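Novice: Residues in the sequence shown are numbered from 1 upward in steps of one, following UniProt numbering.
Sharing a structure with you now.
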Amino acid sequence: MVNAIKGLFISCDVPMAQFIVNLNASMPASERFIVHMLDPTHMFVQPHVADMIRNQKNMINAYRGLFISCDVPMAQFILDLNASMPESERFIVRMLDPTHMYVLPYVEQMIKSKVEEFRKHNSYKPR
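Have a look at this one:
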């Protein structure tokens, strides 16, 4: 199973990251926006945060994309798919851990179709 969440990959210094974490923690649970904290200076957040950080351009680098969560075999399939493409078409921005990755936003449908094709090809069909 592959789960994809649209959002922003944020890179900033430690004090700004701590400010964002504290801002997130001060909000009601239903309005919190940090999806995944990657390390002390990188995080993945929901896309509506773009409006909140526009004024912080000099302190925060934000990139639109997809946060993908899947099991290890599927992650390896996606890594192999990425590696099989020409350098200019590779889509993985950052491998976060063995089951999570950040990819460019335009590849969601392509990944879903390739995964579906892979599953159909590798499914057991009793006779």
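All C-beta atoms in this analysis are idealised placements derived from N, C-alpha and C, irrespective of residue type, glycine included.
Please read all numbers here as calculations on a predicted model, not as lab measurements.
Buried or exposed for residue 101, going by 16 or more other Cβ atoms inside 10 Å?
Specialist: The residue labelled residue 101 in the question sits at position 101 within the sequence shown. Classification of residue 101: buried, given that the 10 Å Cβ count is 16 or more.
Novice: Hey, how far is the Cα of residue 9 from the Cα of residue 44?
Specialist: Position 9 of the sequence shown, counted from the start, is the residue given in the question as residue 9. Position 44 of the sequence shown, counted from the start, is the residue given in the question as residue 44. Taking the straight line from one Cα to the other gives about 5 Å.
Novice: Just the Cα atoms here: how many angstroms apart are residue 61 and residue 17?
Specialist: Taking the first residue of the sequence shown as position 1, residue 61 is located at position 61. Taking the first residue of the sequence shown as position 1, residue 17 is located at position 17. When rounded, the distance between both Cα atoms is 11 Å.
Novice: Counting Cβ pairs closer than 8 Å, one from the region 20-37 and one from the region 74-87, do we hit at least three?
Specialist: No: the two stretches stay apart, fewer than three of their Cβ pairs being nearer than 8 Å.
Novice: Sort out for me which residues DSSP pairs residue 34 with in a bridge.
Specialist: To locate residue 34, count along the sequence shown from 1; it is residue 34. Answer by DSSP bridge pairing, in chain order: 45.
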